[in-house]
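Following: one structure in structure tokens, then a few remarks.
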Amino acid sequence: MLDIVYFAWVRERIGLPRERVETSAATVLDLVTELRAREPRYEAAFADTSALRVALDQQLAGFDAPLAGVREVAFFPPMTGG
54 MLDIVYFAWV
64 RERIGLPRER
74 VETSAATVLD
84 LVTELRAREP
94 RYEAAFADTS
104 ALRVALDQQL
114 AGFDAPLAGV
124 REVAFFPPMT
134 GG
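Residues in the sequence shown are numbered consecutively from 54, following the working numbering.
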């Protein structure tokens, strides 16, 4: 089981701040593929992964990162300072 956390417009498009999912995904990209297949709202949220960042157990990671041993996945848009 994975806890998935959504922030900003990702949360708005999906309509949930977080959820727990059972997955057989080996990588973040595999997880995104599974999520996109669930419902149109997930397809909309993950349509352009270049506009997203991901953190695994609160550490920035890439979409090719393995999920083995991971408990939490967070998706969020890139942040800018200012």
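We treat Cβ as the ideally placed atom computed from N, Cα and C, and that holds for glycine.
Closest Cα partner of P130 within the set F99, T86, L82 and A121: From the listed residues F99, T86, L82 and A121, the smallest Cα separation to P130 is found for F99.
DSSP beta-bridge partners of T102: Partner(s): none; T102 has no beta bridge.
Helix, strand or coil: which one does DSSP assign to A90? Reduced to three states, the DSSP call for A90 is coil.
Under the three-state DSSP convention, the category V123 falls into: coil
Could you compute how far the alpha carbon of E87 sits from the alpha carbon of V74? 10 Å
Output the distance between the C-alpha atoms of Q112 and R124, rounded to the nearest integer angstrom. 12 Å
Taking 7 Å as the threshold (C-beta atoms), are P119 and T137 in contact? Lying outside 54 to 135, the shown extent of the chain, residue 137 is not represented and no answer is given.
Alpha carbon to alpha carbon, how far is R66 from A108? Give it in angstroms, no decimals. Linking A108 to R66 through their CA atoms gives a straight-line distance of about 19 Å.
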